[in-house]
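Novice: Have a look at this one.
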């Protein structure tokens with residue numbers, strides 16, 4: 500029977516209290532339906548981009564959007580990876596309408612969607628056929644997973660623990676423990692990280708704790724990969740990894756969860772700003788520009804180019820539209836021209 504080893508520290512409690520406050524604020528926010536659709540779409544794209552980038556996918560966010568829109572070569576591995584991830588993301592929404600607990604078959608389904616056309620059929624949506632070793636660039640073994648014959652039982656014990664404790668532990672702690680243990684089991688020949696992150700998304704969505712599908716945890720991991728891997732790696736073998744004290748991992752995970760709720764708050768503030776100015780509809784490009792200004796206080800043309808990854812003339816038009824809508828004001832200081840929020 501699975502039994503995680505951890506302590507709930509004052510810091511963890513403090514972050515969880517802040518997350519609860521953020522969740523209540525989000526639920527009370529007056530977001531229009533069309534604005535929530537934008538938030539959910541952007542969350543999906545950001546999750547696809549971040550989670551696949553963690554595993555080495557070279558596409559940036561704009562390219563991910565193009566791939567999902569069918570505008571890139573569908574046979575390329577980098578495109579297949581992001582399209583598969585989005586299919587798995589969408590499947591979670593449909594599957595969870597049943598409101599049933601997570602079963603072993605659900606984890607296999609997630610992997611089958613992630614690995615479709617990337618692995619052979621016998622390795623897609625199936626437990627790996629043999630043992631697995633994670634090796635560094637020098638050929639040194641960093642981690643050895645459990646024997647393949649034990650994988651199904653270990654996953655079923657983890658899911659049973661999840662079901663038994665869903666009313667005893669805070670959802671964020673359960674999500675962190677689920678993440679740690681599932682990736683430690685390393686059930687598949689490839690695609691373990693992506694499937695793990697989707698499984699956490701599935702759990703949070705199932706219990707209505709994913710902020711209506713707008714929360715993206717993957718960005719936190721992607722921003723500092725060494726911190727992510729450092730926090731989750733406790734031993735060189737599954738036996739020792741599963742017995743380790745994971746308090747420090749949970750501190751990392753819960754802090755990241757809180758930081759991403761703050762990031763979501765910033766995005767909601769942008770949408771509320773558009774409502775207050777009477778502009779009920781903003782394009783995705785306009786929201787990204789305002790996102791940047793909200794974070795850094797101002798934006799210039801070069802920074803807009805970096806954010807949007809579109810031609811200079813189009814960027815200039817986007818900025819001019821926001822000025823005409825009286826959301827941004829243009830500031831000229833000598834040769835420097837930048838944009839700030841309009842003050843009424």
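In the numbering used here, the protein residues as written are 500 to 843. In this text, a Cβ means the ideal position worked out from N, Cα and C, and glycines have one as well. Please read all numbers here as calculations on a predicted model, not as lab measurements.
Can you give me the C-alpha to C-alpha distance between residue 818 and residue 785, rounded to a whole angstrom?
Specialist: Reading the chain shown from its first residue, position 319 is the one you call residue 818. Reading the chain shown from its first residue, position 286 is the one you call residue 785. Approximately 8 Å, taken between the alpha carbons.
Novice: Does the beta-carbon distance from residue 695 to residue 669 come in below 8 Å?
Specialist: Here residue 695 corresponds to residue number 196 of the chain shown, with the count starting at 1. Here residue 669 corresponds to residue number 170 of the chain shown, with the count starting at 1. Not a contact, by the Cβ cut-off of 8 Å.
Novice: Tell me which residues share the same chain as residue 551 and place their Cβ nearer than 6 Å to its Cβ, disregarding the 5 neighbours each side in the sequence.
Specialist: The residue labelled residue 551 in the question sits at position 52 within the chain shown. Only 580, 581, 584 meet the Cβ criterion.
Novice: In the structure shown, what three-state DSSP assignment does residue 835 receive?
Specialist: Indexing the chain shown from 1 puts residue 835 at position 336. Residue 835: strand per DSSP, three-state reduction.
Novice: Just to confirm before moving on: does the CB-CB distance between residue 651 and residue 613 stay below 8 Å?
Specialist: Position 152 of the chain shown holds residue 651. Position 114 of the chain shown holds residue 613. No, Cβ-Cβ distance for residue 651 and residue 613 is not below 8 Å.
Novice: Whose C-beta lies closer than 8 Å to the C-beta of residue 535 among residues of the same chain, with five residues either side of it excluded?
Specialist: Here residue 535 is taken as the residue at index 36 of the chain shown, counted from 1. The residues are 711, 713.
Novice: Any idea which residues DSSP pairs residue 840 with across the strands?
Specialist: Along the chain shown, one-based indexing puts residue 840 at 341. Bridge partners of residue 840: 827.
Novice: Here's a check: name, in chain order, each residue in its chain whose Cβ is nearer than 7 Å to the Cβ of residue 546, leaving out the five neighbours to either side.
Specialist: Numbered from its first residue, the chain shown carries residue 546 at position 47. Result list for residue 546: 588, 715, 717, in chain order.
Novice: Helix, strand or coil: how does DSSP classify residue 548 here?
Specialist: Your numbering for residue 548 matches position 49 in the chain shown. Looking at residue 548 - three-state DSSP - the assignment turns out to be helix.
Novice: Can you tell me the Cα-Cα spacing of residue 809 and residue 606, whole angstroms?
Specialist: Numbered from 1 along the chain shown, position 310 holds the residue referred to as residue 809. Numbered from 1 along the chain shown, position 107 holds the residue referred to as residue 606. Computed Cα separation, rounded: 38 Å.
Novice: Roughly how many whole angstroms lie between the Cα atoms of residue 574 and residue 532?
Specialist: For the purposes of this step, residue 574 is identified with residue 75 of the chain shown, where counting begins at 1. For the purposes of this step, residue 532 is identified with residue 33 of the chain shown, where counting begins at 1. Distance between the alpha carbons of residue 574 and residue 532 is about 35 Å.
Novice: According to DSSP, is residue 744 helix, strand or coil?
Specialist: Taking the first residue of the chain shown as position 1, residue 744 is located at position 245. Residue 744 falls in the strand class under three-state DSSP.
Novice: Using a Cβ distance threshold of 8 Å, determine whether the segment 595-603 contacts the segment 723-732, with at least three qualifying pairs required.
Specialist: At 8 Å Cβ cutoff, the stretches do not touch.
Novice: On the criterion of 16 or more Cβ atoms from any shown chain inside 10 Å, does residue 681 qualify as buried, or is it exposed?
Specialist: By one-based count along the chain shown, residue 681 stands at place 182. By the neighbour-count rule (16 or more Cβ atoms within 10 Å), residue 681 is buried.
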